[in-house]
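Residue numbers (the UniProt record's numbering): 1 to 113.
All residues carry an ideal CB built from backbone N, CA and C; glycine is no exception.
This structure is a prediction, so every number in the text was calculated from the model and none was measured.
Okay, here's the thing in structure tokens:
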């Protein structure tokens with residue numbers, strides 16, 4: 001999975017933070033502080049669709065967009081891809097665990113059972 005550019009990440013954050021499908025205009029409105037043109041938002045949404053991160057749904061003349069997976073699913077896939085790229089997976093995991101807080105390590109122990 002490819003990582004996201006800064007604007008792609010901002011658009012995905014808008015989509016992940018809502019529980020409904022959104023039009024490009026609604027996404028643009030949520031990013032009003034960036035002063036983006038609708039065509040720019042549509043271009044980013046098209047790239048995200050080609051990357052299979054969003055799904056476009058036709059609704060009459062409009063299109064609505066929704067994430068294909070949750071933010072957590074996306075982050076987990078990025079983590080897996082990063083581990084797959086490591087020449088020493090164990091060393092990469094050890095460094096990752098060393099960067100975690102004690103609370104996060106405790107949560108991980110609970111998840112591992």
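Separation of residue j from residue i, as counted between CA atoms
i: residue 110; j: residue 99; result: 18 Å
i: residue 76; j: residue 70; result: 10 Å
i: residue 65; j: residue 84; result: 30 Å
Residue i classed as buried or exposed, judged by whether at least 16 other C-beta atoms fall within 10 angstroms
i: residue 22; result: buried
i: residue 112; result: exposed
i: residue 79; result: exposed
i: residue 52; result: exposed
i: residue 108; result: exposed
Among the options, the one whose alpha carbon lies nearest that of residue i
i: residue 46; options: 30, 17, 7; result: 7
i: residue 93; options: 82, 102, 103, 101; result: 82
8 Å Cβ cutoff met for residue i and residue j
i: residue 25; j: residue 38; result: yes
i: residue 68; j: residue 54; result: yes
Under the three-state DSSP convention, the category residue i falls into
i: residue 68; result: coil
i: residue 114; result: No statement about residue 114 is possible, as the shown extent of the chain runs from 1 to 113 and does not include it.
i: residue 61; result: coil
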